[in-house]
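These notes concern the structure reproduced below.
Residue numbers (the working numbering): 1 to 206.
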């Protein structure tokens with residue numbers, strides 16, 4: 001196995017976060033690298049997953065890598081990305097700059113907040129800097145994180161802060177969960193209280 005990961009499934013009660021999705025699409029039309037950041041459970045990974053599924057359905061190659069708390073090995077991440085790019089571009093070189101220039105893939109690194117290793121941070125900085133040189137119409141790179149990552153070349157990427165769903169999307173999620181029978185006034189109060197946060201809405205259902 002090359003080591004990169006399957007695109008995760010969307011949640012069972014999935015409501016497209018269209019407001020954030022469209023904002024991210026717009027940013028990726030302007031720049032080829034974007035950082036989606038916000039508090040836990042706000043929907044960052046779901047947004048990235050939705051775009052990954054869109055790209056996959058359109059026949060575009062997708063690289064997905066989710067960081068874990070104990071993963072600090074630059075070599076493992078580098079080997080995974082190079083393996084994917086070689087397979088996608090059908091080119092034997094290990095020169096990541098050349099491979100990225102030939103790639104038309106959507107690259108996604110999820111849960112960046114777990115990256116503490118300095119060598120891995122340097123590698124991700126390099127990948128972001130090289131990916132930023134690509135034409136946005138050709139290929140894109142998305143990072144998700146709970147907070148901004150100071151080690152990324154922030155001047156070369158777009159940022160999308162995410163706090164939760166828009167009100168109409170949050171209302172649709174409550175309906176999709178199918179276990180709440182609220183009067184309109186009660187629903188408005190719930191949405192105002194929970195601020196459209198998907199995880200809080202799930203807890204409220206439970």
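Note that the Cβ used here is the ideal one computed from N, Cα and C, for glycine as well. Bear in mind the structure is a predicted one, so any value in this text is a computation, not a measurement.
Between residue 114 and residue 74, the C-beta gap is not smaller than 9 Å, which leaves the two residues out of contact. Linking residue 120 to residue 77 through their CA atoms gives a straight-line distance of about 8 Å. Counting along the chain, residue 84 sits inside no beta strand (DSSP E); it lies in the alpha helix (DSSP H) bounded by residues 74 to 89. A contact between stretches requires three or more CB pairs, one per stretch, nearer than 8 Å, and the region 122 to 137 meets this requirement with the region 90 to 109. When the five nearest sequence neighbours on each side are left out, the beta carbons in the same chain lying within less than 7 Å of the beta carbon of residue 66 are those of 5, 110, 111, in order along the chain. Beyond the five residues adjoining it in sequence on each side, residue 147 comes within less than 8 Å, by CB distance, of 37, 113 in the same chain, given in chain order. For the region 25 to 78, the full-length alpha helix (DSSP H) segments reaching 4 residues or more read 44 to 57 along the chain. Cα atoms of residue 41 and residue 92: separation of roughly 39 Å, rounded to the nearest angstrom.
Nearest C-alpha to residue 43 among 32, 17, 24, 25: 17.
Taken through DSSP and simplified to helix, strand or coil, residue 94 comes out as coil. Residue pairing for residue 5: DSSP places it in a beta bridge opposite 64. Residues 28, 32, 106 of the same chain have their beta carbon placed closer than 6 Å to that of residue 140, with the five preceding and five following residues left out of the count.
Following the DSSP letters along the chain, one finds residue 160 inside the beta strand (DSSP E) bounded by residues 158 to 161.
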